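In the numbering used here, the protein residues as written are 89 to 169. Just so it is clear, CB atoms sit at the ideal spot from N, CA and C, and this is done for glycine as well. Since we're looking at a predicted model, the values are computed, not measured. Notes to accompany the following structure.
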Amino acid sequence: EELKNLNSVLAGNEKLAQKVNKDIEEKKFPLVLGGDHSIAIGTLAGTAKHYDNLGVIWYDAHGDLNTLETSQSGNIHGMPL
């Protein structure tokens with residue numbers, strides 16, 4: 089079940105990265121809104137292809153800097169950065 093959820097997150101973020109990449113290639117501003125922090129994975133993956141020096145300002149109550157080793161819940165939404 090956990091692997092199925094992770095595969096869904098991966099598939100969604102791969103599509104999002106492609107869309108963000110395409111928007112930037114077309115000189116559009118990719119405004120991405122979502123309810124789960126894991127969308128940062130696709131957003132940043134699609135954006136990073138276009139910039140050598142990319143910075144991120146992360147506004148959140150939590151840093152979302154966990155890894156599988158440091159996460160208490162194991163939820164991917166706490167690990168996108």
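With fewer than 16 other Cβ atoms from the protein chains shown falling within 10 Å of its own Cβ, Asn95 counts as exposed. Within the same chain, and ignoring the five residues on either side of Ile129 in sequence, the residues whose Cβ sits closer than 7 Å to its Cβ are Asn101 and Pro168. The count of Cβ pairs closer than 8 Å, one atom from the segment 144 to 160 and one from the segment 102 to 120, stays below three, leaving the stretches out of contact. If you compare the alpha carbons of Tyr139, Gln160, Thr135 and Ser126 with that of Ala99, the shortest gap goes to Ser126.
Between the C-alpha atoms of Ser159 and His165 there is a straight-line separation of about 10 Å. Within the same chain, Cβ atoms closer than 8 Å to the Cβ of Pro118 are found at Lys107, Val108, Asp111, Ile112, Thr131, Gly134 and Thr135, the five residues on either side in sequence being excluded.
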